[in-house]
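Residue numbers (full-length UniProt numbering): 1 to 89.
Accompanying notes for the structure given below.
Now the structure itself:
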């Protein structure tokens, strides 16, 4: 699935009740083929995720969590991004 298709999943109708749209959140899971990843790369990854959301028309509306988890010889990177579709100008 392309990132555009992934991001388009969150473009919901404005008529939906608030409870349905209150927790629009992108979740991303990546596998890194090494057992460690430094904090600098995690910070760069978080920054780039925010930039990508902006480029695709979404506002990040909360804290972006990027959590690496070591498993065997790989690192699984979980990202959780609270977003809202930008209002047209």
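From the three backbone atoms N, C-alpha and C, an ideal C-beta is built for every residue, glycine too.
Residue nearest to residue i in terms of C-alpha spacing, selected from the options
i, options, result
"residue 91", "27, 34, 78, 48", "No information on residue 91 is available, as it lies outside the stretch 1 to 89 that the chain covers here."
"residue 89", "80, 29, 64, 57", "57"
"residue 35", "87, 70, 85, 83", "70"
DSSP beta-bridge partners of residue i
i, result
"residue 32", "75"
"residue 61", "Partner(s): none; residue 61 has no beta bridge."
"residue 67", "78"
Cα-Cα separation between residue i and residue j, rounded to whole angstroms
i, j, result
"residue 50", "residue 75", "21 Å"
"residue 80", "residue 30", "12 Å"
"residue 47", "residue 65", "11 Å"
"residue 54", "residue 41", "20 Å"
"residue 28", "residue 72", "20 Å"
"residue 45", "residue 63", "14 Å"
Contact check, residue i vs residue j, beta carbons under 9 Å
i, j, result
"residue 83", "residue 24", "yes"
"residue 26", "residue 59", "no"
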